[in-house]
Each structure stands twice: as C-alpha cells, then as structure tokens.
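What follows is a single structure, written as structure tokens, with notes after it.
Number of protein chains: 2
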Amino acid sequence: MRIAADAMGGDHGCQVVVDGLLQALEQLSHIENILVVGDKSQLGQALGQAGKSDSRIEIIHAPEILTMDDKPVEGLRRKKNCSLAVAMDLVKRGDADAIISPSNTGGIVAAASIKLRTLPGVDRPGIAAVCPRNDGNFILLDAGASVDGKPRHLMHYAIMGDIYAREVLGVSRPRVGLLSVGTEANKGDELTQEAFNLCRELDLDFIGNVEGHDLFHNGLDVVVCNGFVGNVVLKSCESLATSMMDWLKAELTAGPVRKLGATLAKDAFRALKNRVDPDNIGGAPLLGVNGTVTICHGSAGARAIRNAVCNTVEAVDHNINELIVDAVAKANDNLATTATEPVAAEA
Amino acid sequence: MRIAADAMGGDHGCQVVVDGLLQALEQLSHIENILVVGDKSQLGQALGQAGKSDSRIEIIHAPEILTMDDKPVEGLRRKKNCSLAVAMDLVKRGDADAIISPSNTGGIVAAASIKLRTLPGVDRPGIAAVCPRNDGNFILLDAGASVDGKPRHLMHYAIMGDIYAREVLGVSRPRVGLLSVGTEANKGDELTQEAFNLCRELDLDFIGNVEGHDLFHNGLDVVVCNGFVGNVVLKSCESLATSMMDWLKAELTAGPVRKLGATLAKDAFRALKNRVDPDNIGGAPLLGVNGTVTICHGSAGARAIRNAVCNTVEAVDHNINELIVDAVAKANDNLATTATEPVAAEA
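Taken in order, these protein sequences are the chains called A and B. Here the numbering used here is used: the first residue of the first sequence is 34, the next is one more, and so on. Here the numbering used here is used: the first residue of the second sequence is 34, the next is one more, and so on.
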C-alpha cells in the first residue's frame, strides 16, 4: 500500500508531518511507500531532523502551498503545483492508494471532488468527524463537506457512516441516528423529515431521530446531519471543550490549596484533556469520493498524523469504497422503485 | 408588576417553583403579585412546606398539566385548563405582565404564539438561550422556537437579541454575529448568505459571520441562527458539558492520590460546574411575542426559577417589546425600500 502525504498545508509546517509519518511506518509494516509531497529542501531538512529514518519515505517535490487563507477552488486553480494538488494527483493516477492532508479543509474537499470525483451513485462526499463519547467514539457526518444538503445526501451519509464505523472503528452493528430537534419521527425541518423516511428503509440499525443531548453519552455510533449543521456542531463542541479546560485551569490555580490539589490530581486532568484531544483520532475521512482521503486538523501534531495514517490504512485494507458503492446502489435502486417523485429531482 | 408562574409542568413538580418564586420575591420589592398557577391543593401544600411566606403570592387554580410527552398544539387543544394555558391567559388578558414556565418548551412556544401572537412586524418568535463564555454570557437565538427559518427571521433575531443583550444583560454595544461555516461574507448556506446581506444593513454592531469555534471565547454577545441549528448546538453543548464533568469526576476518583487532590481542589470543580450550570441563568426569553415570556429548563431548580423571575422583571422594566417593535419596523421599512423582491415573499 502506498500513501500520499501532503506535508505542507498544516499550521505547524512539514516537520510534524514527517515525524508523524515516521511514527506510522514504525507501527505499520505493510505500508510499501509513503510519498511525502512538498518543498524538496524543506522536506529533506525535516527528514534529517526527525531523529529516525525509513527507506519507505519518498519525497515528491511540489513548489507551492495552498494556505488556510486561500479560497479552495480559486486557490487550486491558481496553484496547480501546490502540495495538496500534487498529492491528490498521485491518488488520481493510481500512484498512491490514499492521501492524508492537514491543508485547508475546503481545499481538500474541492481537490478530491474535482480530481477523484465521487463514487458511483454518491452525489456528494461527506466528512466523517470522529468524536469522543462516554465509552468510545461516534462519527458525525457530514461535518462540513457541503452545505444545503438534500434528503438523498443524508441517506448516503448514513450508509457511508455505517460502513466506516463497522470496518474502520470495529463496531459490529453501528447505531445510526439522524440529528434533529426531537426524537419523534415527525420532528425536524423539511430536510430531516424527508431524510428520516429514506433512512428507515436502509438495511442498517437506524434508531431514528436523535437530539444534541444524545451525542456524548447515548451509545450512538453514527450521527447524520447536513454539512452546515455538522460543521457548526463540531466546531462549537471543540470550542466548548477548549474553554472548559481553560476554565478548569483558571479555577485550579486560584489559591494555594487548589494548586496543591491540582498537582496531586494532575494525571486526572491530563487524562481528561487527552480524551477531548482531536489528535487522538488524527483525521476525518472524506467519504464518498473515488479514493481514500483523510483530512487532518490544520493544527495536527505528529501524533495526529500518525493516527490519521493508521485509520487511512484501515479504510484501504477494508475496501470501504467497494462496500459503499454496493450499499449505495442498493439504496438508490430501492428509492427509484418506491419514490413518488423521480429520484433525479433530489440529486 | 405582576408575574404569572406556571408551577406544574416542570420535571420536579411545584415545590421547586414555589421555593424559587419566594426567593425572587425576597429580592425584588417592586413585584406586586406573583400569580402561581396550578393544582390548588398541591400549591397550598408547597407553600406550607416552603419555610417562608409572602402575601404577594396568589394561587390560581388550574386542574390540568401539559406534560413533557404531550404534543404542543394537540396537548393545548385537549387540556384547555392546563397550568400553562391558564397562566398564558393571565398575560393575554392583561392580568399579568409576564409569564415564566418550566413546561414543555414546544408547548410554551405554541401557547404564546396562539394566545399572545407575535409583535407587529415580527413573523416568528425566537428563543434566546443565554450561554456562558469566558468573561460573561452570550445569547444564542433562535434556540428552537421554529425550524426552516427565512433570512428575514434571522434579521429579526439579530435585532431582538441585540435589544435583549443591551437592556437585560447590560451590554452597552452588543457584538452580533451570524452563525455559519466560515467567517467570510460568502460562506454559509443559502439562508445565512441572504441573512448576512440583511443583517449588515442593521443599525447594530454586526460583526458578520462567526463559526462554532468563536462561541465560547470570542467576546460575542449575540449569535444568530435558525431554530434547528440553535437547538442542536445548544443541546450538543449541554451534553458535552455534562459529559466532561462526568469524565472529570471519573478520572478524579481513579486512585487515592487523585482523590486526595480532588478533595483539596473541590472548590475549583464546584466553580467550574457552577459556570456551566443552566440554573445560573434560569430561563430563556421567548422574544418576539406580544408579552414577556420566559421559558425555564424542564429540570429547573428553585435557584433557576428565582433567576428566571429576575431576568423577566428586567425585561418588563426595560420595555423591551416596545424597543423591538420600533427597531423591527425600521428594519422592515428599509427592507421594503431596498428589496428587489417583494418583502412578503420572504415572510
């Protein structure tokens, strides 16, 4: 298996990417090559400073960088040789089986959509953010690949999330919920009400509508929503988790007795921080494109990059795209036979 | 000033409501009467057990209760004499200046919309949830009064939130943001893109699009979104805050040294818990209806009820509905003169 890694677009430069890739290679013997894409001289230097080496790392030069401030489509048009585009082309040409990238999320979605296209039967890709809950993780998708989704797109997200949870996260029968404003079948906006009707016909454990209250402690494995809602929820929760850790720190340092207590219990705080640390997961798969694409946080550290590579390898190993194509085809066929409106009208 | 209090629809029965009302009366000498609505004998008993008394409390009998399981509109039709409906009628008839209720949120919105109607110029009411941030609070609205909002509704939420933040929360010039998936003007779904164009014409400090990342530590005072998004974000964040406190507790009790540390620093945890405790605020105003309506959490305790009464009194004292009617009329007029499409098409 060959993985392309865009090394340049993240907030912390290429050193953390190179370090993370080397950590992943130590763990995963069946990776043939990692094609690390970016500025040749910077990458050479980063490899020199990494403190370890691996002959499976190969540098592919790309002279440009799509920055966080670049507009996705326009930026890709202007910077045809940015590391993201060059890495995506490796997947497109079959020179790599998958790509990981900590670049501009919009840029990754645009590059994948333009260069790889969506899988047969899938209209729109979805970002599957993996989030912590009481006793494991759940997937929230779409976490922002597109906005203004249609019911059919949400149905596809349910199918793709179910497959990813089974194959990559190892959940035997994922519990899939549709994010809404009440648990009854008739609750929600027009989009979710129609999506509810499509999802309940699927061959998966669809438990119906779920609310924001259910996310972090209700044993859900897959939570489906449109990209606008998913993006806002994900970022709001990240913001709250960060703020709560800050508030806790401020409280724990307000006075000598509290400080002493905090010192004694410091492992507890470290464990809590670790629990909500996005670097634990490392990346969110972009599901529904014709290739295996993992979007890393812009602020991903080496550990995040390593974890992203591990999940990416799982996705390739389990052929999840083949499973997605089969399941989506079946659902689309059912839809076509039962729909009162032509399916195309919803696409 | 006379306040109607629906005492029956909350999760904890009428005792906590009665206790909270008595606490509020101790603080607020200019409340003439609180008309506490519910089962006469239960209320009499609760008043007897309250440990204090106040002659300004008056019992209004209502034999029925709208439960959390009742469907709002259908429930109100079936239970015409439920405590919520009777309390709302007191406001409708002018026998009370405001109402607080811990009943079924959908029921409160429906009863207020049906009995009080919206303010002139306002198409839809919005729930203004007051949430904690680094150094104060922000308002998130609409937190779920309606779904499938239109751009014009979001504009009204911005106006109403600005007025509430100024008059009740005491913010001199509230920073108002529109919740979206990126900060650039062109980011968002169709709804927010159109709402952006309307909001930037308003006579308030509209800072443009904000993201989920900005909510808890970016000095925002008012965050505007449609009711579906607001409800999901609010409940997701409540769920995460609860889970994080649970995770922290579990970590702090895992081993004797951590336990000792936790005991020494217990005031810090209490302060953090207090910071994210919805009872601090007590209630969310339903803005845009022709009356002053405060929605309490179903699980509101006595302190929440007391705080809800205090905020309700502020809202009445500051005549916020008059301010809303004036500001909305001005904005609607501007819209009518600048709109290329007839305004009515968006209502």
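Virtual Cβ for every residue (Gly too), placed ideally from N, Cα, C.
Burial check for proline 135 of chain B: the Cβ neighbour count within 10 Å reaches 16 or more, so the residue is buried.
Contact of arginine 308 of chain B with chain A by beta-carbon distance below 7 Å involves Trp280. Following the DSSP letters along the chain, one finds glycine 331 of chain B in no alpha helix (DSSP H), marked with neither H nor E.
Rounded to whole angstroms, the Cβ separation of leucine 174 of chain B and glycine 194 of chain B is 5 Å, and the two are in contact under 8 Å. Sequence-distant Cβ neighbours of aspartate 359 of chain A in its own chain, meaning closer than 8 Å and more than five residues away, do not exist here. Against chain B, a Cβ distance below 9 Å from asparagine 170 of chain A picks out nothing, because the smallest value is about 13 Å. Counting along the chain, proline 289 of chain B sits inside the alpha helix (DSSP H) bounded by residues 289 to 297.
Excluding residues up to 5 positions away in sequence, Ile160, Ala161, Ala162 and Ile328 lie with their Cβ nearer than 6 Å to the Cβ of alanine 317 of chain A in the same chain. Just so you know, the alpha carbons of leucine 55 of chain A and lysine 306 of chain A end up roughly 25 Å apart.
Classified as buried, glutamate 97 of chain A has 16 or more neighbouring CB atoms from the shown chains inside 10 Å of its CB. Counted as a single uninterrupted DSSP element, the alpha helix (DSSP H) harbouring asparagine 367 of chain A occupies residues 353 to 371. Closer than 8 Å to the CB of aspartate 181 of chain B there is at least one CB belonging to chain A. Counted as a single uninterrupted DSSP element, the alpha helix (DSSP H) harbouring alanine 57 of chain A occupies residues 46 to 60. At a cut-off of 8 Å between beta-carbon atoms, threonine 100 of chain A makes no contact with chain B. Sequence-distant partners of histidine 94 of chain B (beyond 5 residues in either direction) whose C-beta falls short of 6 Å from its own C-beta, in its chain, are Lys73. Check the Cα spacing between serine 213 of chain B and each of B:Val204, B:Asn170, B:Arg199 and B:Glu223: the tightest is with B:Glu223. The alpha-carbon separation between leucine 117 of chain B and alanine 143 of chain B amounts to approximately 11 Å.
With at least 16 other beta carbons inside 10 angstroms of its own, lysine 148 of chain A counts as buried. Interface flag for alanine 274 of chain A against chain B is set, since a Cβ pair is found closer than 8 Å. Contact between valine 209 of chain B and valine 262 of chain B does not hold, since the beta-carbon distance rounds to 16 Å and is not under 8 Å. Under a criterion of Cβ atoms nearer than 8 Å, the residues of chain A adjacent to leucine 305 of chain B are, in order, Met277, Trp280, Leu281 and Glu284. The beta carbon of arginine 185 of chain B does not come within 8 Å of any beta carbon belonging to chain A, so the residue lies off that interface. Taking a C-beta distance under 8 Å as the contact criterion, aspartate 254 of chain B and valine 290 of chain B do not qualify as a contact pair.
Three or more beta-carbon pairs drawn from the region 260 to 277 of chain A and the region 233 to 246 of chain B are found closer than 8 Å, and the two stretches are therefore classed as touching. Not one beta carbon of chain A lies nearer than 8 Å to the beta carbon of histidine 330 of chain B.
Across the region 152 to 177 of chain A, CB contacts with chain B closer than 8 Å involve Arg166, Asn167 and Gly177, in sequence order along the chain. With a beta-carbon spacing of about 5 Å, leucine 99 of chain A and glycine 140 of chain A fall inside the 8 Å limit used to define contacts. Proximity of chain A to serine 269 of chain B at the Cβ level (cut-off 7 Å) is accounted for by Gly245, Leu248, Val266, Ser269 and Cys270, in chain order. Where alanine 317 of chain A is concerned, there is no enclosing alpha helix (DSSP H), although the beta strand (DSSP E) around it starts and stops at 316 to 320.
Using a Cβ-Cβ distance cut-off of 8 Å, the region 312 to 326 of chain B and the region 336 to 354 of chain B are in contact, since at least three pairs of beta carbons, one from each stretch, lie closer than that value. Leaving aside the five residues that flank leucine 152 of chain A on each side, the residues in its chain whose CB is nearer than 8 Å to its CB run, in chain order, Gly321, Val322, Asn323, Asn354, Ile357, Val358 and Val361. For glutamate 223 of chain B, at least one C-beta of chain A is nearer than 8 Å to its own C-beta. Put simply, the backbone Cα of serine 179 of chain A is about 5 Å away from that of glycine 260 of chain A.
At least 8 Å separates the beta-carbon of cysteine 115 of chain A from that of alanine 79 of chain A. Using a Cβ-Cβ cut-off of 8 Å, arginine 291 of chain A is close to Leu297, Ala298, Asp300 and Ala301 of chain B, given in chain order.
About 7 Å separates the Cβ atoms of threonine 216 of chain B and glycine 241 of chain B, confirming a contact at the 8 Å cut-off.
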